[in-house]
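Notes to accompany the following structure.
Chains as they are written, first to last, in my numbering: chain A, 1066 to 1312; chain B, 17 to 205.
Here you go:
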């Protein structure tokens, strides 16, 4: 299992953002759904090794992120797109992705080829030499995705990756996710149930720090057949599970 | 290294340090500052503040989730810029009467850069200038009131071992914290 989580919690002061999560995931695309404040981003940040858990067990790629040497190995094999991407506006697209490739310990001889591949995968070839300050929000999101995939990660964590993408780009992006899911574990945190339906093999629904549903998108659809509200079968499943968890 | 330094706005910092050196030269030659330790100390604190502010990372969490090079890059940049600030001020002091000499200049610049680096770890890169400025106020008070504690090293004589040790301790502590943890990220990126 690339992700092995048991009874994981995370507190911020009095607020319990993640309240005892159990989760296992191997290769494939794993969707993380839930309302605002459900704990999706906190769970993803722990998996990205940027914040430690308050308690519980977290093992990533068979390693313990609490140990500094193992954490380094995890980070070399990790791709992470945070909810809000930070960037230096004076960098070009290529410079930005190259910087992350080097930070992720890629051999310098392989960097330029890997950067070019990542840029092509997010369809930014014609903007490769453009400064980041000149790009639109959707393009910046794609640059963020490119830095996350440049090292061919074994564990790819994406927080709201399709925010700002137009429908055509979202379709292309889902293909990219499915492609990565064949050889890596991809975790996608999103509000958009259609992304989950189109790209994910497994989905977890979080509410108030806990996982209240774990199964396939089809199983989530079935949950909404009798009493869910929404415009699509998945939305109905989503709302039915949430209503059941809160009742 | 080039991309890291550029993202930390190090080229702009070097220009500002050169300007600090020029102002330092002017201050040391200004008749009104002859024999004064207070006025040169302001320039030294400004140079230390520049070192501290360059610890700000524009990349946030995506950079923190990367491999083993980041601590070396952060530490190298901070140590290199401290050396550059000392060199700029030393060049500014050429041909002028530098009270305390080179030793005291190195002690004061390194110590205040350390204060700035610790301040970056506590307050974040953008606000890290507050540390050297607060220390400047303290040091000015120490100079005018004749304090003897080695922690206010600018008020100590140039050859004073206690002052030098305190300044070195603060510098290396700041360097280690910034290299290992980086400047504090304020809010969530």
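For every residue, glycine included, the Cβ atom is placed at its ideal position computed from N, Cα and C.
Under 9 Å, Cβ to Cβ, is there at least one residue of chain A near residue 197 (chain B)? As a working note, residue 197 (chain B) is residue 181 in the second chain. Chain A, which has no Cβ nearer than 9 Å to the Cβ of residue 197 (chain B), makes this no.
Could you tell me which chain A residues have their CB closer than 8 Å to the CB of residue 19 (chain B), listed as they occur along the chain? Residue 19 (chain B) sits at position 3 when you count from the first residue of the second chain. By Cβ distance, chain A contributes 1156, 1160, 1163, 1164, 1167.
Going by Cα to Cα distance, which pick from A:1157, A:1228, A:1067, A:1234 is closest to residue 1254 (chain A)? In the first chain, residue 1254 (chain A) corresponds to position 189, counting from 1. Here the closest residue by C-alpha is A:1228.
Can you give me the C-alpha to C-alpha distance between residue 169 (chain B) and residue 93 (chain B), rounded to a whole angstrom? Counted from its first residue, the second chain places residue 169 (chain B) at position 153. Counted from its first residue, the second chain places residue 93 (chain B) at position 77. If you take the alpha carbons of residue 169 (chain B) and residue 93 (chain B), they lie about 25 Å apart.
Would you please verify whether the beta carbon of residue 1146 (chain A) is less than 9 Å from any beta carbon of chain B? On the first chain, position 81 is the one that residue 1146 (chain A) refers to. Chain B contact via Cβ: present.
Is residue 172 (chain B) helix, strand or coil by DSSP? By 1-based counting over the second chain, the position of residue 172 (chain B) is 156. Of the three classes helix, strand and coil, the one that applies to residue 172 (chain B) here is coil, per DSSP.
Short-range partners of chain A found in the region 59-87 of chain B, where Cβ spacing is below 9 Å: 73, 74, 75, 76, 77, 78, 79, 80, 81, 82, 83, 84, 85, 86
Those residues which DSSP pairs with residue 1288 (chain A) across a bridge: Residue numbering aside, residue 1288 (chain A) sits at position 223 when the first chain is read from its first letter. Partner(s): none; residue 1288 (chain A) has no beta bridge.
Taking all protein chains shown into account, decide if residue 1294 (chain A) is buried (16 or more other Cβ within 10 angstroms of its Cβ) or exposed. Position 229 of the first chain holds residue 1294 (chain A). Exposed, because fewer than 16 other Cβ atoms sit within 10 Å of the Cβ of residue 1294 (chain A).
Identify, in the order they occur along the chain, each residue of the same chain with its Cβ nearer than 6 Å to the Cβ of residue 1286 (chain A), setting aside the five sequence neighbours on each side. Here the question's residue 1286 (chain A) lines up with position 221 in the first chain. The answer, listed in chain order, is 1298, 1299, 1302.
Residue-chain proximity (residue 157 (chain B), chain A), Cβ-Cβ < 9 Å: By 1-based counting over the second chain, the position of residue 157 (chain B) is 141. Answer no: the Cβ-Cβ gap between residue 157 (chain B) and chain A never drops below 9 Å.
Please classify residue 1082 (chain A): does DSSP put it in a helix, a strand, or coil? For the purposes of this step, residue 1082 (chain A) is taken as the residue at position 17 of the first chain. Reduced to three states, the DSSP call for residue 1082 (chain A) is strand.
For residue 1225 (chain A), which of A:1205, A:1148, A:1179 has the nearest alpha-carbon? Working through the first chain from its first residue, we reach residue 1225 (chain A) at position 160. Nearest C-alpha to residue 1225 (chain A): A:1148.
Between the region 32-46 of chain B and the region 1069-1076 of chain A, can you find at least three pairs of beta-carbon atoms closer than 8 Å? no
Could you say if the region 1113-1124 of chain A and the region 1168-1188 of chain A meet the contact criterion of at least three C-beta pairs nearer than 8 Å? no
In chain B, which residues lie with their C-beta within 7 Å of the C-beta of residue 1127 (chain A)? Here residue 1127 (chain A) refers to the residue found at position 62 of the first chain. The premise fails here: residue 1127 (chain A) is roughly 17 Å from chain B at the closest Cβ pair, so nothing lies under 7 Å.
Note down, in chain order, each residue of its chain lying with its Cβ closer than 8 Å to the Cβ of residue 1296 (chain A), except the 5 sequence neighbours on either side. On the first chain, residue 1296 (chain A) is found 231 positions in, with the first residue counted as 1. Hits under 8 Å: none found.
Should the region 1162-1179 of chain A be called in touch with the region 1208-1217 of chain A, which here means at least 3 C-beta pairs below 8 Å? yes
Nearest to residue 2 (chain B) (by Cα), restricted to the options B:153, B:102, B:78: With chain B covering only 17 through 205, there is no way to say anything about residue 2 (chain B).
Quick one: grab the DSSP three-state call for residue 1105 (chain A). As a first step, residue 1105 (chain A) is located in the first chain; it is residue number 40 there, counting from the start. The answer is helix: DSSP assigns residue 1105 (chain A) an H, G or I state.
Consider the Cβ of residue 144 (chain B): report whether some Cβ of chain A lies at a distance smaller than 9 Å. As a position in the second chain, residue 144 (chain B) is number 128, starting the count at 1. It does not: the Cβ of residue 144 (chain B) has no partner Cβ on chain A nearer than 9 Å.
Contact with chain A by residue 30 (chain B), beta-carbon distance below 9 Å: Mapped onto the second chain, residue 30 (chain B) falls at position 14. Answer no: the Cβ-Cβ gap between residue 30 (chain B) and chain A never drops below 9 Å.
Give the DSSP-derived three-state secondary structure of residue 1145 (chain A) in the structure shown. What you label residue 1145 (chain A) is simply residue 80 of the first chain in a count that begins at 1. Note: residue 1145 (chain A) maps to strand in three-state DSSP.
Check whether the region 174-182 of chain B and the region 73-81 of chain B touch, using three or more Cβ-Cβ pairs below 8 Å as the test. no
With residue 1084 (chain A) and residue 1273 (chain A) assumed to form a contact (beta carbons below 8 Å), what rounded beta-carbon distance in angstroms separates them? As a position in the first chain, residue 1084 (chain A) is number 19, starting the count at 1. As a position in the first chain, residue 1273 (chain A) is number 208, starting the count at 1. Confirmed, about 7 Å.
Check the Cβ-Cβ distances between residue 1199 (chain A) and every residue of chain B, and say whether any is below 9 Å. Locating residue 1199 (chain A) in the first chain gives position 134, counting from the first residue. It does not; no Cβ of chain B falls within 9 Å.
At what residues does the alpha helix (DSSP H) containing residue 1300 (chain A) begin and finish? Reading the first chain from its first residue, position 235 is the one you call residue 1300 (chain A). Per DSSP, residue 1300 (chain A) belongs to the alpha helix (DSSP H) from 1298-1311.
Can you find at least 3 beta carbon pairs, one from the region 1134-1153 of chain A and one from the region 1194-1211 of chain A, that sit closer than 8 Å? yes
Three-state secondary structure assigned by DSSP to residue 24 (chain B): Position 8 of the second chain, counting from 1, holds the residue named residue 24 (chain B). Residue state, collapsed to three classes: coil.
Using the Cα positions of residue 1066 (chain A) and residue 1238 (chain A), report the straight-line distance between them to the nearest angstrom. As a first step, residue 1066 (chain A) is located in the first chain; it is residue number 1 there, counting from the start. As a first step, residue 1238 (chain A) is located in the first chain; it is residue number 173 there, counting from the start. Approximately 25 Å, taken between the alpha carbons.
Express the C-alpha separation of residue 62 (chain B) and residue 45 (chain B) in angstroms, rounding to a whole number. Taking the second chain and counting its residues from 1, one reaches residue 45 (chain B) at position 29. Taking the second chain and counting its residues from 1, one reaches residue 62 (chain B) at position 46. Their Cα atoms are separated by approximately 19 Å.
Use the C-beta contact count for residue 20 (chain B): other C-beta atoms within 10 angstroms, 16 or more gives buried, fewer gives exposed. Residue 20 (chain B) sits at position 4 when you count from the first residue of the second chain. Its Cβ being crowded by 16 or more others within 10 Å, residue 20 (chain B) is buried.
To which residues of the same chain is residue 9 (chain B) closer than 6 Å at the C-beta, ignoring the five residues directly before and after it? Residue 9 (chain B) lies beyond the residue range present for chain B, which begins at 17 and ends at 205; the question has no answer from this structure.
Under the three-state DSSP convention, the category residue 1007 (chain A) falls into: For residue 1007 (chain A) there is no data in the structure shown, the boundaries of chain A being 1066 and 1312.
Do the region 1129-1139 of chain A and the region 1096-1108 of chain A meet, that is, are 3 or more Cβ pairs less than 8 Å apart? no
Whole-angstrom Cβ separation of residue 1250 (chain A) and residue 1090 (chain A), contact assumed at under 8 Å? Taking the first chain and counting its residues from 1, one reaches residue 1250 (chain A) at position 185. Taking the first chain and counting its residues from 1, one reaches residue 1090 (chain A) at position 25. That belief holds up - the Cβ atoms of residue 1250 (chain A) and residue 1090 (chain A) are roughly 5 Å apart, short of 8 Å.
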